[in-house]
């Protein structure tokens with residue numbers, strides 16, 4: 006924005022489209038995964054073309070919800086972060102309701118919560134939060150953000166690229182499964198089949214093409230999906 010030009014006024018939360026919120030949440034999730042939020046990554050995660058993503062980023066920028074830094078990284082403004090936090094909180098609370106209270110299979114929770122979160126009011130979200138038993142995390146270990154949180158998330162455990170290289174497999178426990186991974190039904194079934202789930206002990210080997218994770222079974226994770234899980238070491 007040029008010096009002296011008026012600040013763009015963001016639209017009210019209830020006037021922001023579901024598409025816009027999806028972009029904001031994706032930027033938020035990239036922060037959790039420790040992946041720079043550049044347009045190419047948004048294209049990958051949203052399954053959209055570069056022109057489509059560039060156009061939407063421009064709209065979000067005009068609405069005061071994102072800014073683009075000198076390194077071309079797309080960052081959430083305080084208004085954009087507030088919307089991303091609210092949507093992420095509702096989504097993960099919905100997952101807990103579906104799994105803990107309604108008995109929905111955990112593999113089905115992510116997709117169903119995407120629908121629930123779109124219509125969940127703030128009051129309903131706080132009611133759900135008060136009913137939670139146990140740690141404030143999703144069924145896949147992702148932290149449920151506090152309402153009004155004003156800080157971008159960062160990785161809360163060790164990313165696969167940061168696991169020390171060693172001559173023998175490195176042991177750790179699965180801390181969480183990325184939301185991006187949860188949207189891939191086939192990959193999730195592979196992880197669950199190998200018992201590579203939050204809390205499970207796994208052996209990690211860094212390979213020439215990525216990472217080999219061994220639980221009950223073994224799953225190969227390519228470098229481009231290194232964000233798929235995070236690990237508690239030690």
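In this note's numbering, the protein residues as written are 6 to 239. Virtual Cβ for every residue (Gly too), placed ideally from N, Cα, C.
Item, Value
"Cβ neighbours of residue 148 in the same chain (closer than 6 Å, five flanking residues each side left out)", "142"
"Buried versus exposed call for residue 17 [16 or more other C-beta atoms within 10 Å across all chains shown]", "Caution applies to residue 17, whose pLDDT of 48 falls short of 50 and renders its modelled position unreliable; the model cannot decide the point."
"Inter-stretch contact at 8 Å, needing at least 3 Cβ pairs: the segment 73 to 85 / the segment 106 to 115", "no"
"Those residues which DSSP pairs with residue 225 across a bridge", "217"
"Residues sharing a beta bridge with residue 178, DSSP", "206, 237"
"CB contact flag (residue 121, residue 146, <8 Å)", "no"
"Buried versus exposed call for residue 231 [16 or more other C-beta atoms within 10 Å across all chains shown]", "buried"
"Selected residue, minimal CA-CA separation from residue 144, among 227, 187, 47, 126", "187"
"Residue from 162, 191, 210 with nearest C-alpha to residue 179", "162"
"Start-to-end residues for the alpha helix (DSSP H) that takes in residue 117", "111 to 124"
"Residue 159 (DSSP reduced to helix, strand or coil)", "coil"
"C-beta atoms of residue 137 and residue 101 nearer than 8 Å", "yes"
"Cβ pair residue 21, residue 86 closer than 8 Å", "no"
"C-beta contact flag for residue 62 and residue 51 at 8 Å", "no"
"CB of residue 31 within 8 Å of CB of residue 47, strictly", "yes"
"Endpoints, beta strand (DSSP E) assigned at residue 142", "Run containing residue 142: none; DSSP gives neither H nor E here."
"Host alpha helix (DSSP H) of residue 43 (start-end)", "Note, residue 43: premise wrong, no alpha helix (DSSP H); not H, not E."
"Other residues of its chain near residue 194: CB distance less than 8 Å, five sequence neighbours each side excluded", "112"
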